[in-house]
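K.L.:
Number of protein chains: 4
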Amino acid sequence: MSMNSFGHLFRVTTWGESHGPALGATVDGCPPGVEVTPEMIQHWLDKRKPGQNKYTTQRREADEVRILSGTFEGVTTGTPIQLMIENTDQRSKDYGDIKDKFRPGHADITYFQKYGVRDYRGGGRSSARETASRVAAGGLAREAIKAIAPNVQITGYMVQMGPNKINRDAFDWDQIAQNPFWVPDAQAATDWSAYLDDLRKSGSSVGAIIEVTARGVPAGIGAPVYAKLDTDLAAAMMSINAVKGVEIGEGMSAAMLTGELNADEIFMGDDGQPRYSSNHSGGILGGISTGQDIVVRFAVKPTSSILTTRKTITKQGEETEIITKGRHDPCVGIRAVPVGEAMMACVILDHLLLHRGQIGTNRGHIG
Amino acid sequence: MSMNSFGHLFRVTTWGESHGPALGATVDGCPPGVEVTPEMIQHWLDKRKPGQNKYTTQRREADEVRILSGTFEGVTTGTPIQLMIENTDQRSKDYGDIKDKFRPGHADITYFQKYGVRDYRGGGRSSARETASRVAAGGLAREAIKAIAPNVQITGYMVQMGPNKINRDAFDWDQIAQNPFWVPDAQAATDWSAYLDDLRKSGSSVGAIIEVTARGVPAGIGAPVYAKLDTDLAAAMMSINAVKGVEIGEGMSAAMLTGELNADEIFMGDDGQPRYSSNHSGGILGGISTGQDIVVRFAVKPTSSILTTRKTITKQGEETEIITKGRHDPCVGIRAVPVGEAMMACVILDHLLLHRGQIGTNRGHIG
Amino acid sequence: MSMNSFGHLFRVTTWGESHGPALGATVDGCPPGVEVTPEMIQHWLDKRKPGQNKYTTQRREADEVRILSGTFEGVTTGTPIQLMIENTDQRSKDYGDIKDKFRPGHADITYFQKYGVRDYRGGGRSSARETASRVAAGGLAREAIKAIAPNVQITGYMVQMGPNKINRDAFDWDQIAQNPFWVPDAQAATDWSAYLDDLRKSGSSVGAIIEVTARGVPAGIGAPVYAKLDTDLAAAMMSINAVKGVEIGEGMSAAMLTGELNADEIFMGDDGQPRYSSNHSGGILGGISTGQDIVVRFAVKPTSSILTTRKTITKQGEETEIITKGRHDPCVGIRAVPVGEAMMACVILDHLLLHRGQIGTNRGHIG
Amino acid sequence: MSMNSFGHLFRVTTWGESHGPALGATVDGCPPGVEVTPEMIQHWLDKRKPGQNKYTTQRREADEVRILSGTFEGVTTGTPIQLMIENTDQRSKDYGDIKDKFRPGHADITYFQKYGVRDYRGGGRSSARETASRVAAGGLAREAIKAIAPNVQITGYMVQMGPNKINRDAFDWDQIAQNPFWVPDAQAATDWSAYLDDLRKSGSSVGAIIEVTARGVPAGIGAPVYAKLDTDLAAAMMSINAVKGVEIGEGMSAAMLTGELNADEIFMGDDGQPRYSSNHSGGILGGISTGQDIVVRFAVKPTSSILTTRKTITKQGEETEIITKGRHDPCVGIRAVPVGEAMMACVILDHLLLHRGQIGTNRGHIG
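Chains as they are written, first to last, in my numbering: chain A, 1 to 367; chain B, 368 to 734; chain C, 735 to 1101; chain D, 1102 to 1468.
Here you go:
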């Protein structure tokens, strides 16, 4: 049991703090024979990297990954893979003036109440910087998935920023990589740009909703009752910094539907596979994949570091005020997109392996 | 690793199907010396029991729990506790006519695709009947919590049924046990009664949102990064049958807030403990409890068993239609209330034990 | 994490005490589609059952197993399998006079020191009766193995009783089932009979060494570094009551060999598979099976319940004496034979599943 | 679940190969507030380091440990601790001529059969070099133990080398650190020196038996039934490279004793604690510590790399011969001493935390 690990067979343990010498992911249980190079993983880290445009924190990190173990001649060996990223732009002096103050909305106070240690350097272990390790592990998972379920395609995108929602009728997969918000709607990309600019200049921040879709996942993966595919996805997404809600398929709105509206009717497709009239289930029934798109959404709260003075207390129990002047994101949800993708990739791979372990190959053939 | 288990130190494994001879929970890691009798656990099972009013399935189950191991002279011994409930009203003949058909919205099809076995008797392992085992384990957890954190109070209630939401201004803890919906708003109880009556008579069903609050939880429990208190709660709630979304504190609405609105400011309370201006965080920061109320919500989809004909396919791959005439709940969310409470109790106890294991006693004293 | 569970993918949790209403095994992760009936499991329980001859305790237990969940129409469904055995001959009054005394060599004192509870009824959870649950789980594992590695044959036998060792030159697989000691040497069976008779009459007891061999295990199962096949076997055997030592292949004697004598040379067999000049390794190199026989031995200490007065103390801390008059085994090692087999079966199945999960099919083909 | 991890609450995952850029241990669950510096851990690594005298491999490794995460200002923070050791003397060219040959007694062949990958550089993950990571984790565990059970003292030593056993009557704790074999018997140290010199010159190797004793462990730690203290110790020791047998207390010889000889009688000590007439149990009854010395022994087989030509096969399935000319240990058991100590330290700490988690403080007071 490790509190800093997730996954059953594809087991990822992340380690490291925002201002230590390095951070990384120790990955155990990866299948052998997977071709993987640092460049393949770097591709995904670059997507998450801060400082790429004016909408993300100006901290400059190379976020360069090294593979310290578990591969030989460019191929995984089946043994633990250590993915390490050195911290290069730590500037812990930035944080000196808040040394004894707890930042509202941050985990400073609860970490102190739990551990009795105040690592004041930018959040320490609770910093969003930890998510770089997840992205590295996710990059590896994507390569391993290819050998088992080559049709799987995992894509994350933003569907809401503050009060602004995308227009689902204008949904365009190709737009996602064309704008800094990973938003699948060209008009929204333009509108949100102006919106976030204003917000950034005012020193404020805003929340967002991210959706991650996995297409091409075979029917039959997932493991009732407490390691359901949706359960593991909910845990994976909720474990990301600042996430406050997770939805599968219809999500919270399922409460508003009647049974007639909610249940997806079943037909036979031309390919001899079941086909559904709709996907309210988000591709999961009873915790097991249906073969439809797996659809997960999660809400990211606004960055708590803002330029407005806030009331707080010190370690010594005195009431005081704080402004957090550091380098921060006006909408941290943007950088959560590749993180959500990475978590999806890890969970899907894990369940592909679990299924193969217990069952071998998909047993229940319809027709 | 067990797919049918949850919890780290207080580890619950449930077993059994809706139409087998019995079901139950094997609980390992319970502290010794906890006074517990079958009656104490029965109290909570009775709350979940079907057939109590016209709004829940007319299946009649005694749901009588037996403690087969792990106690001696009315006290837990520290060894595994087996909680068994025999099935007495199985009537599997009810299900004969749907033997080869997959019920839309149910897990029939995915279980078959995964396991190659069609247990057509009322859902088998995917039946909501499994949640009786959780309620039994939760009853035990409540007794164990008392010895460690006696101020903890766990209460579940419905805050939305279909499109109808409670009036938060009329919130009344005392109302919850006074109506069949566990709703903390007297007016809503009356209104919903009429609403659900109509729905029931029409053979339809509707979803709901349940909120579970844990009051009196000490600051400092939870374990970053992948066993955060909110992560474990999200997994616990999402694992409940028919749940499609989980929220902590502000939940999905956090996306709409700015940083100024979202962060809870911190003060010192008269009791020398931190006090907060609000509870957008739901009592959890960085995965660790703040000492405020822990607030979780989850959405339950409408029962998929309805009296309207639906299109589906058979095991043989032929398109057909189905009506599910069984004994079902028009709003299965009602019976999810005690289940959500039970999951909260198990998670809280588990994290109290984990904290004690790693740290002993709360170390970080403010002031 | 459960302290009363073992196995990674084939996960067994045992529960129950010697004098409670029942005990059993909750088995998760069993492959679906395995044909299994109570009779198939009963076969192995009968082998362990007490009271079958004068060399085992005269406690009379039917040890009748019931399958409460996880099968449908005689086939496993992939969901948790509950194997329950009711206790029928508990006679807890037998133990009344030792209520406050700790029996030397028993776990009475340490359980009390740990848990603060004194379950004086025959050892409670620490009783060898717990091993019935293992045998039930092992019976199930044997059936599941058949579908994956049909050539596997698991056989346990006694190789030493007190100072008496078998004659390896007279080793005869067919003898094992012909005598009450499961000894593969006809002469030993005769000699030991007289030896144990004397011992039994004198109210004494003696230790034994059991060997368990698994033939036909494919090369390549096992998982370095901390879930090695030998590591898991060592844990499995050491967890059996009264076991004080575990050996793989050459075992403790490996200390006495030189490198020349110890390393098994490798050749190519006529079947195109590697063949070895000897099996000092016990069929395991680097924690992974070689394809040779897997050979494990474990030592069982003598039953601590003897008819000689022994010095001890009471719960109150007073020095006193004790004689344990209960119904006990002069050589509890005899009944450990089917238990060792069961543990071997569970471990082998577990590693077959793990291998399939991480790797799919054996990848490294020589030649 | 991770195959490269051990421990329940104090969870250690090792990673890295003999010839990669680095190896290390990711440690999760360490209590916060433990003072630890790289120097404190280095102390134990230096004890294991190769090339210190003519009896250990001449590979020259600095084995310098870096703490990459989990500490702040010299104190553990409660978050994952990354202990990294860079490989500096890899010389993989040494191994080029055996690229396609499997070394008898080594894991080359089984790793290839399992993973389909041949990492021919000195054993890769199966190299004894992996044990450096364990020693680093053990050094950390020792510091953490001090805060919880300050009287614990863990000492390993050699009790047999080849056919030569120590004289137990001459046992002297102070001798252990005085000779290169960690042997507690001055005469043996002298005799073995000559013996091993001869063996080394002849290019041969020999096995050994190591004993590890933990003094001052409080009564009541350990967790029946499958995480018994002896079970976890057996697994911990068996997981060390080249170990073929593990004994607790009387060990395999328990088979030869009668019940009268074996059971340790109990008295009351002057300090109000139970005292025992002997320690056949090795300090563990029913998997729980008695308060006596915990005594574990394990046998290490002779190094398989010897200067004698051995028969083997190639990856292509051809029969051939091999001599392994690398830099190796004539008695690898010597360097296993600090490794055994480290595993003992990790297991003891883990069970101290587990006990505290489930139970809080020792509950059962005698007298």
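Idealized CB from N, CA, C, for every residue including glycine.
In this text, all values refer to a predicted model and were calculated from it rather than measured experimentally.
1) Taking only beta-carbon atoms, is Thr381/B less than 9 angstroms away from chain C?
2) Please report how far the alpha carbon of Thr155/A lies from the alpha carbon of Ala141/A, in whole angstroms.
3) When burial is assigned at 16 or more other CB atoms within 10 Å of the CB, is Ser973/C buried or exposed?
4) Return the CA-CA distance between Lys1202/D and Ser1227/D, expressed in angstroms with no decimal places.
5) As a quick exercise: from Leu23/A, Ser204/A, Asp108/A, pick the residue whose alpha carbon is nearest that of His328/A.
6) Given that a residue counts as buried once 16 or more other Cβ atoms are within 10 Å of its Cβ, and exposed if not, what is Gly684/B?
7) Enumerate in chain order the residues of its own chain whose CB-to-CB distance from Arg949/C is below 6 angstroms, with the five nearest sequence positions on each side excluded.
8) Using 9 angstroms as the threshold, is the C-beta distance between Gln1214/D and Ala953/C below it?
9) Let me make sure I understand the geometry here. Which of Met1444/D, Asp1275/D, Gly1121/D, Ser1382/D has the alpha-carbon closest to that of Gly1223/D?
10) Whole angstroms are fine: how far does the CA of Ala503/B sit from the CA of Gln419/B?
11) Locate the beta strand (DSSP E) running through Ile313/A, then write down its first and last residues.
12) Which value, in whole angstroms, describes the spacing of the CA atoms of Glu1118/D and Lys1416/D?
13) Our contact map puts Lys611/B next to Glu250/A with C-beta atoms below 8 angstroms; I'd like the distance itself, whole angstroms only.
14) Measure the alpha-carbon distance for Asp966/C versus Val1081/C and round it to whole angstroms.
15) Closer than 9 angstroms, CB to CB, is Ile588/B near chain C or not?
16) Taking the continuous beta strand (DSSP E) assigned at Cys576/B, which residues delimit it?
17) What does the Cβ neighbour count give for His1466/D, buried or exposed, with the cut at 16 atoms within 10 Å?
18) Please tell me whether Arg66/A has its Cβ less than 9 angstroms away from any Cβ of chain D.
19) Could you check the C-alpha separation between Ile166/A and Met604/B for me, to the nearest Å?
20) Given a threshold of 16 other Cβ atoms within 10 Å of its Cβ, counted over all protein chains shown, does Thr992/C qualify as buried or as exposed?
21) Need the endpoints of the beta strand (DSSP E) that Ala299/A sits in, please.
22) Excluding sequence positions up to five away, which residues of its chain have a Cβ less than 6 angstroms from the Cβ of Thr670/B?
23) Which of the three DSSP states, helix, strand or coil, is assigned to Val1284/D?
24) How long is the line joining the alpha carbons of Gly1206/D and Arg902/C, rounded to whole angstroms?
25) CA-CA distance, Gly445/B and Leu1083/C?
26) Hey, is Ile1467/D's beta-carbon within less than 9 angstroms of any beta-carbon in chain B?
27) Just checking: is the beta-carbon of Thr1180/D within a distance shorter than 9 angstroms of some beta-carbon in chain E?
28) Would you call the CB atoms of Arg934/C and Ala1364/D closer than 9 angstroms?
29) Which of the three DSSP states, helix, strand or coil, is assigned to Ala342/A?
30) With DSSP collapsed to three states, give me the class of Met892/C.
31) Just tell me which of Met619/B, Lys416/B, Asn518/B has its CA closest to the CA of Ser648/B.
32) Enumerate in chain order the residues of its own chain whose CB-to-CB distance from Ala1271/D is below 6 angstroms, with the five nearest sequence positions on each side excluded.
33) Cα separation between Ala132/A and Ile1182/D?
34) What do you reckon, are the CB atoms on Ala392/B and Arg485/B nearer than 9 angstroms?
35) How big is the Cα-Cα spacing for Gly360/A and Glu688/B?
P.N.:
From the atom records:
1) Here residue 381/B corresponds to residue number 14 of the second sequence, with the count starting at 1. Yes, contact with chain C.
2) In the first sequence, the residue the question calls residue 155/A occupies position 155. In the first sequence, the residue the question calls residue 141/A occupies position 141. Approximately 14 angstroms between the Cα atoms of the pair.
3) For this step, residue 973/C is matched to residue 239 along the third sequence. Under this definition Ser973/C is a buried residue.
4) Walking along the fourth sequence from the start, residue 1202/D turns up at place 101. Walking along the fourth sequence from the start, residue 1227/D turns up at place 126. Answer to the nearest angstrom: the Cα atoms are 16 angstroms apart.
5) The residue given as residue 328/A occupies position 328 in the first sequence. For the residues Leu23/A, Ser204/A, Asp108/A, the minimum Cα distance to His328/A belongs to Ser204/A.
6) The residue given as residue 684/B occupies position 317 in the second sequence. That one is exposed.
7) Translated into the one-based positions of the third sequence, residue 949/C becomes position 215. Closer than 6 angstroms at Cβ, skipping near neighbours: Gln887, Asp1027.
8) As a position in the fourth sequence, residue 1214/D is number 113, starting the count at 1. As a position in the third sequence, residue 953/C is number 219, starting the count at 1. Yes, the Cβ-Cβ distance between Gln1214/D and Ala953/C is below 9 angstroms.
9) In the fourth sequence, the residue the question calls residue 1223/D occupies position 122. Nearest option by C-alpha distance: Gly1121/D.
10) Looking up residue 419/B in the second sequence gives position 52. Looking up residue 503/B in the second sequence gives position 136. Straight-line Cα distance between these residues: approximately 18 angstroms.
11) As a working note, residue 313/A is residue 313 in the first sequence. Looking at the DSSP string, the run of the beta strand (DSSP E) that includes Ile313/A is 310-313.
12) Position 17 of the fourth sequence, counted from the start, is the residue given in the question as residue 1118/D. Position 315 of the fourth sequence, counted from the start, is the residue given in the question as residue 1416/D. In a straight line, the C-alpha of Glu1118/D is about 21 angstroms away from that of Lys1416/D.
13) Within the second sequence, numbered from 1, the residue matching residue 611/B stands at position 244. Within the first sequence, numbered from 1, the residue matching residue 250/A stands at position 250. Yes, Lys611/B and Glu250/A are in contact; Cβ-Cβ is about 5 angstroms, under 8 angstroms.
14) One-based indexing of the third sequence puts residue 966/C at position 232. One-based indexing of the third sequence puts residue 1081/C at position 347. Each residue's alpha carbon lies about 7 angstroms from the other.
15) Here residue 588/B refers to the residue found at position 221 when the second sequence is read from its first residue. So, not an interface residue.
16) Taking the first residue of the second sequence as 1, we reach residue 576/B at position 209. Rather than Cys, the amino acid found at residue 576/B in this sequence is Ile. Run containing Ile576/B: 575-582, per the beta strand (DSSP E) assignment.
17) By 1-based counting over the fourth sequence, the position of residue 1466/D is 365. Burial call: exposed.
18) Walking along the first sequence from the start, residue 66/A turns up at place 66. It does; some Cβ of chain D falls within 9 angstroms.
19) Against the first sequence, residue 166/A aligns to sequence position 166. Against the second sequence, residue 604/B aligns to sequence position 237. The alpha-carbon atoms of Ile166/A and Met604/B are separated by roughly 28 angstroms.
20) Reading the third sequence from its first residue, position 258 is the one you call residue 992/C. Thr992/C comes out buried.
21) Indexing the first sequence from 1 puts residue 299/A at position 299. Counting along the chain, the beta strand (DSSP E) containing Ala299/A begins and ends at 294-300.
22) Counting from 1 along the second sequence, the entry for residue 670/B is found at position 303. Ser572, His695, Asp696, Val699, listed in sequence order.
23) Translated into positions along the fourth sequence, residue 1284/D becomes position 183. Coil, per DSSP.
24) Residue numbering aside, residue 1206/D sits at position 105 when the fourth sequence is read from its first letter. Residue numbering aside, residue 902/C sits at position 168 when the third sequence is read from its first letter. One C-alpha to the other measures close to 24 angstroms.
25) The residue given as residue 445/B occupies position 78 in the second sequence. The residue given as residue 1083/C occupies position 349 in the third sequence. Between Gly445/B and Leu1083/C, the C-alpha separation is close to 30 angstroms.
26) One-based indexing of the fourth sequence puts residue 1467/D at position 366. Not closer than 9 angstroms to any Cβ of chain B, the Cβ of Ile1467/D fails to qualify, so no.
27) Annotation note: the requested chain E is absent from the structure, which comprises protein chains A, B, C and D.
28) Here residue 934/C refers to the residue found at position 200 of the third sequence. Here residue 1364/D refers to the residue found at position 263 of the fourth sequence. Cβ atoms of Arg934/C and Ala1364/D: not closer than 9 angstroms.
29) As a working note, residue 342/A is residue 342 in the first sequence. DSSP places Ala342/A in helix when its eight states are reduced to three.
30) In the third sequence, the residue the question calls residue 892/C occupies position 158. DSSP places Met892/C in strand when its eight states are reduced to three.
31) Residue mapping note: residue 648/B aligns to position 281 of the second sequence, counting from 1. Ranking Met619/B, Lys416/B, Asn518/B by Cα distance to Ser648/B puts Met619/B first.
32) The count along the fourth sequence starts at 1 and reaches residue 1271/D at position 170. Here the set comprises Asp1286.
33) Residue 132/A sits at position 132 when you count from the first residue of the first sequence. Residue 1182/D sits at position 81 when you count from the first residue of the fourth sequence. Near 17 angstroms, if we compare the C-alpha coordinates of Ile1182/D and Ala132/A.
34) Locating residue 392/B in the second sequence gives position 25, where the first residue counts as 1. Locating residue 485/B in the second sequence gives position 118, where the first residue counts as 1. Not closer than 9 angstroms, so no.
35) On the first sequence, position 360 is the one that residue 360/A refers to. On the second sequence, position 321 is the one that residue 688/B refers to. Gly360/A and Glu688/B: Cα-Cα distance of roughly 32 angstroms.
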